[in-house]
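See below for the structure under consideration.
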Amino acid sequence: MSETINFKIDGQSVSVPKGTTVMQAAYQMKIKIPHFCWHPGLSVAGVCRFCLVKVEGRPKLEIACNLQASEGMEILTDTPEVKEAHKWALEFHLVNHPLDCPICDQAGECGLQNYYMEVGKYQSQMERPKVLKPKALDVGGDLVLDTERCILCSRCVRFEKEVTKSEALGIFDRGDHAIIGTYPGKKIEHKYTTNLVDICPVGAFTSKDFRFKQRVWFLKDKQSVCPGCSTGCSIDLFAKEQTGTYYRIKPREGESNGYWMCDTGRGMYRHLNIETRQRFHYVSKNGQKIDIDQKESLNQLASKIKEVGPEHVSLLVSAQYTNEEYEAFFDFFVGKLGVKKVYQWREPTEKLNDFDGILLRGDRNSNTHGLMATLKKYGVGNQKIGNEFDIAVSSAAKVVIALVPEIPATFPSLQSNLQTLVSLNFVSFWTVNSEIEKIKGAKHVVPVKGFSEKKGSFTNHFGKLGHLTSPFVSVIEGINCVASTTRKLSEYF
Ligand code: SF4
Ligand code: SF4
Ligand code: FES
Numbered sequence: 000m001s002e003t004i005n006f007k008i009d010g011q012s013v014s015v016p017k018g019t020t021v022m023q024a025a026y027q028m029k030i031k032i033p034h035f036c037w038h039p040g041l042s043v044a045g046v047c048r049f050c051l052v053k054v055e056g057r058p059k060l061e062i063a064c065n066l067q068a069s070e071g072m073e074i075l076t077d078t079p080e081v082k083e084a085h086k087w088a089l090e091f092h093l094v095n096h097p098l099d100c101p102i103c104d105q106a107g108e109c110g111l112q113n114y115y116m117e118v119g120k121y122q123s124q125m126e127r128p129k130v131l132k133p134k135a136l137d138v139g140g141d142l143v144l145d146t147e148r149c150i151l152c153s154r155c156v157r158f159e160k161e162v163t164k165s166e167a168l169g170i171f172d173r174g175d176h177a178i179i180g181t182y183p184g185k186k187i188e189h190k191y192t193t194n195l196v197d198i199c200p201v202g203a204f205t206s207k208d209f210r211f212k213q214r215v216w217f218l219k220d221k222q223s224v225c226p227g228c229s230t231g232c233s234i235d236l237f238a239k240e241q242t243g244t245y246y247r248i249k250p251r252e253g254e255s256n257g258y259w260m261c262d263t264g265r266g267m268y269r270h271l272n273i274e275t276r277q278r279f280h281y282v283s284k285n286g287q288k289i290d291i292d293q294k295e296s297l298n299q300l301a302s303k304i305k306e307v308g309p310e311h312v313s314l315l316v317s318a319q320y321t322n323e324e325y326e327a328f329f330d331f332f333v334g335k336l337g338v339k340k341v342y343q344w345r346e347p348t349e350k351l352n353d354f355d356g357i358l359l360r361g362d363r364n365s366n367t368h369g370l371m372a373t374l375k376k377y378g379v380g381n382q383k384i385g386n387e388f389d390i391a392v393s394s395a396a397k398v399v400i401a402l403v404p405e406i407p408a409t410f411p412s413l414q415s416n417l418q419t420l421v422s423l424n425f426v427s428f429w430t431v432n433s434e435i436e437k438i439k440g441a442k443h444v445v446p447v448k449g450f451s452e453k454k455g456s457f458t459n460h461f462g463k464l465g466h467l468t469s470p471f472v473s474v475i476e477g478i479n480c481v482a483s484t485t486r487k488l489s490e491y492f
């Protein structure tokens with residue numbers, strides 16, 4: 000059993016395993032110690048000298064990030080001496096920092112800005128001009144680098160070395176001419192580049208995808224789960240509620256992803272915006288598309304199912320919906336109506352067992368394991384993961400209910416698959432995205448909610464549940480998730 004150390008921070012007693020630093024203990028206790036270079040997911044560098052604390056009985060202040068807790072130690076984070084030291088440490092970081100906050104993308108969530116408001120000195124002591132350095136460099140991936148804004152904390156260098164092991168970045172030269180940059184001829188070329196934007200405590204790294212699009216204080220963030228693959232990273236989703244526009248995704252500390260997420264997952268907000276959404280229920284009559292309301296739409300579908308009978312109905316189900324939606328869907332169609340033909344709809348080119356060694360998996364569906372568990376529960380379909388699209392098409396049911404994959408970006412064959420389905424007898428497309436609008440002749444289309452607009456859960460690759468707990472209001476008025484749509488349909492039986 001590991002040895003336990005008992006000590007105090009600001010008078011509060013704490014017990015931690017031997018080897019824990021004062022900074023780690025304070026982080027767990029939610030006691031704020033100002034810092035730039037320390038990050039809970041990286042090694043200690045101890046270079047920003049900002050996290051100074053007082054250790055009772057010792058003459059000088061010490062940095063909390065590299066100070067191991069010892070038995071009986073008493074740490075003070077808030078004395079006048081400590082506060083004065085923070086002011087000076089911050090002042091040194093600002094000596095060469097440009098004053099371009101008004102056009103810097105990090106404004107509003109910049110460590111320098113925020114700490115200046117908390118512990119700033121407000122009166123510059125400098126007479127000499129600032130050292131100028133290169134700005135707006137395209138260093139690869141999603142990244143733009145402004146080297147003047149850099150405070151040389153080395154977080155980005157350590158991320159490259161320790162997390163992606165790509166080592167494209169370094170700190171060159173010395174003194175106040177020291178500069179962050181890529182090695183000659185190198186670019187940052189892995190799938191995790193936007194994490195550098197997140198961990199850079201200032202605005203030196205910004206995201207090509209997000210920069211200059213929106214001031215962060217206009218955005219609302221809600222906790223969610225990335226639907227980009229079966230890892231199910233914990234994320235925060237950022238949208239402007241007034242217009243219902245989504246702008247970006249950032250990783251949230253979680254069991255499946257630690258502190259990071261991949262660049263592919265960062266794009267999982269795009270399909271939620273109105274331009275790419277299925278907005279209306281419609282039916283086709285004599286080649287003409289007719290928009291109808293939800294009541295009429297579900298009434299017509301119910302009549303069609305009654306006309307052919309459940310033995311001539313089949314379900315074609317993608318793995319991008321929640322456990323709760325599958326439960327309601329199968330409970331009605333299989334449990335109540337007695338439909339027996341159920342097929343999995345998966346991307347035919349997927350490499351199910353691919354894994355990049357960090358987070359991204361070849362299974363680009365958020366809920367393969369939840370779907371399999373529900374199929375097993377209801378004793379329907381193939382009990383092994385596999386694409387059964389062709390079998391579903393050749394089995395030629397008179398009515399097919401298709402749960403269309405939510406995210407076209409993770410399903411390259413979506414358009415050609417939809418084209419094939421449109422030629423069948425009668426398919427009801429339940430869909431988040433509007434890909435079906437690009438194809439003529441769909442007989443019945445039902446819009447449903449995207450992952451950001453509903454409560455529920457996904458079961459990830461490891462069998463762990465990722466919860467969608469705080470939905471945004473849907474950008475489309477009057478639509479429902481698959482579970483509520485199914486319940487409304489059941490009222491006609
Ligand atoms: S670019 Fe950002 S993360 Fe990298 S050393 Fe500079 S301040 Fe730190
Ligand atoms: S690894 Fe998968 S779940 Fe995580 S961010 Fe990337 S696509 Fe999303
Ligand atoms: S956080 Fe401790 S020296 Fe930077």
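Residue numbers (numbering that gives the first Met the number 0): 0 to 492. In this text, a Cβ means the ideal position worked out from N, Cα and C, and glycines have one as well. Predicted model only: the values in this text are computed from it and were never measured.
Could you have a look at residue i and say whether DSSP puts it in helix, strand or coil?
i	result
ASP290	strand
GLN112	helix
GLN67	strand
ARG276	strand
PRO216	Residue identity check: residue 216 is Trp in the sequence provided, not Pro. Note: TRP216 maps to helix in three-state DSSP.
LEU358	coil
ARG247	strand
PRO309	helix
HIS368	helix
TYR377	helix
TYR281	strand
GLU326	helix
SER456	strand
PRO133	coil
PRO128	coil
By how many angstroms is the C-alpha of residue j removed from the C-alpha of residue i?
i	j	result
GLN112	ALA106	7 Å
ASP497	ASP389	Limits of the chain in this structure are 0 at one end and 492 at the other, which puts residue 497 out of reach.
PHE79	VAL138	The sequence shown places Pro at residue 79, not Phe. In a straight line, the C-alpha of PRO79 is about 42 Å away from that of VAL138.
ASP290	GLY369	33 Å
VAL316	GLY378	15 Å
TYR268	PRO101	26 Å
GLU159	ARG276	37 Å
THR373	LYS53	57 Å
GLU490	PHE332	13 Å
ILE8	HIS270	47 Å
THR242	THR192	29 Å
GLN418	PHE457	28 Å
SER12	ASN5	7 Å
HIS189	TYR245	25 Å
SER206	GLN122	32 Å
ILE179	ASN432	42 Å
Quick one: using the 10 Å Cβ neighbour count with 16 as the cut-off for buried, is residue i buried or exposed?
i	result
TYR281	buried
TRP216	exposed
LEU98	exposed
ASN459	buried
PRO404	buried
GLY440	exposed
GLY286	exposed
GLU70	exposed
ASP145	buried
LEU131	exposed
ARG173	exposed
Tell me where the beta strand (DSSP E) around residue i begins and ends.
i	result
GLN343	340–343
THR181	178–181
ASP137	136–139
ILE198	No beta strand (DSSP E) contains ILE198, which is instead part of the alpha helix (DSSP H) from 193–198.
PHE171	168–171
LYS53	51–54
THR205	204–206
VAL426	426–430
LEU142	142–144
ILE187	Counting along the chain, ILE187 falls outside any beta strand (DSSP E), and DSSP gives it neither H nor E.
ILE74	73–75
VAL46	Where VAL46 is concerned, there is no enclosing beta strand (DSSP E), given that its DSSP letter is neither H nor E.
VAL444	443–446
Under DSSP, the alpha helix (DSSP H) around residue i begins and ends at which residues?
i	result
PRO79	79–93
ASP235	Counting along the chain, ASP235 falls outside any alpha helix (DSSP H), though it belongs to the beta strand (DSSP E) covering 233–239.
GLY465	Here GLY465 belongs to no alpha helix (DSSP H); instead the beta strand (DSSP E) covers 464–467.
CYS155	154–161
Let me check one thing: in DSSP terms, what residues is residue i bridge-paired to?
i	result
ILE4	VAL15
LYS221	LEU236
LEU315	TYR342, ALA401
VAL21	Bridge partners of VAL21: none, in fact.
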